[in-house]
Amino acid sequence: MRTIYIYGASGHGKVVFEAARAAQYKVMGFIDDAQREIFSYKSIEPALAQKDLPVALAIGDNGARRAVFERLKQASMSTLSIIHPSAIISKSAKIGAGVFISAGAVINADAIIGDGAIINTGAIVEHDCLIGDFAHLAPKATLGGAVSVGENTLIGIGASVKPCVKIASRAIVGTGSVVVRDLDEERIYKGNPAK
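In short: position in the sequence shown from 1, add 311, done, that's our numbering.
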């Protein structure tokens with residue numbers, strides 16, 4: 312059983328903790344700048360963490376997650392990806408560092424998941440999709456084949472994206488939205504079709 316830290320002690324930290332335990336990791340504790348308590352663990356500040364233990368990212372905010380990933384890298388601390396055992400991942404998919412893949416997620420053939428991305432509960436990433444670094448697919452988000460999602464982008468709960476669509480970096484696709492065309496700008500899109 313491999314021992315790890317989890318960076319982030321809020322709601323997403325609870326989900327990552329349970330997925331890590333299900334994947335047979337031993338959680339040494341939580342690292343959190345606010346030093347919150349979670350699941351009877353008192354979290355520690357980053358400077359007190361053992362540098363030789365890998366860290367799983369558990370921060371829902373894309374920008375904050377990227378900043379922590381970079382800080383850990385500069386401190387020579389390694390990040391690892393946590394994949395819930397119930398997730399279905401193609402052998403030809405490529406998964407970056409510091410990724411979280413939640414329960415029931417599906418990642419199909421030749422999909423690429425960038426560093427620090429979150430593929431949340433029940434999200435579907437079809438064949439040949441490209442998910443940018445630090446993007447977040449919320450629960451039940453569904454991407455058709457060959458969709459490209461830019462860095463730091465959020466695809467909301469239950470949103471669906473038509474095959475071959477490109478979504479800009481730092482865009483937000485609202486809950487339940489239906490994306491049928493490329494989204495070229497860094498802004499919020501919502502509705503059916505998403506505008």
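Using N, Cα and C, we set each Cβ at its ideal position, and we do this for glycine too. All figures in this text were calculated on a predicted structure; none of them were measured in a lab.
Host beta strand (DSSP E) of L368 (start-end): As a position in the sequence shown, residue 368 is number 57, starting the count at 1. It spans 366-368 - the beta strand (DSSP E) in which L368 sits, taken as one unbroken run.
For H323, three-class secondary structure by DSSP: Translated into positions along the sequence shown, residue 323 becomes position 12. The answer is helix: DSSP assigns H323 an H, G or I state.
Reduced DSSP category for V484 - H, G, I as helix; E, B as strand; rest coil: What you label residue 484 is simply residue 173 of the sequence shown in a count that begins at 1. Residue state, collapsed to three classes: strand.
Terminal residues of the alpha helix (DSSP H) in which R377 lies: Residue numbering aside, residue 377 sits at position 66 when the sequence shown is read from its first letter. R377 -> alpha helix (DSSP H) spans 373-385.
L448 and I423 closer than 8 Å at C-beta: For the purposes of this step, residue 448 is taken as the residue at position 137 of the sequence shown. For the purposes of this step, residue 423 is taken as the residue at position 112 of the sequence shown. No, they are not a contact pair.
Residues that K337 bridges to, as DSSP identifies them: The residue labelled residue 337 in the question sits at position 26 within the sequence shown. DSSP, once it has assigned bridges, lists T314 as partnering K337.
Given N482 as reference, the closest of Y500, I317, I430 once Cα atoms are compared: The residue labelled residue 482 in the question sits at position 171 within the sequence shown. Asn is not the amino acid found at residue 482; the sequence shown has Ala there. Comparing Cα positions, the closest option is Y500.
Cβ-based burial, K451 [other Cβ within 10 Å; buried from 16]: By 1-based counting over the sequence shown, the position of residue 451 is 140. The residue in question, K451, is buried, as its Cβ has 16 or more Cβ neighbours within 10 Å.
C-alpha gap between G485 and G502, whole angstroms: In the sequence shown, residue 485 corresponds to position 174, counting from 1. In the sequence shown, residue 502 corresponds to position 191, counting from 1. Approximately 7 Å, taken between the alpha carbons.
C-alpha gap between G461 and N419, whole angstroms: Counting from 1 along the sequence shown, the entry for residue 461 is found at position 150. Counting from 1 along the sequence shown, the entry for residue 419 is found at position 108. The straight-line gap from Cα to Cα measures roughly 18 Å.
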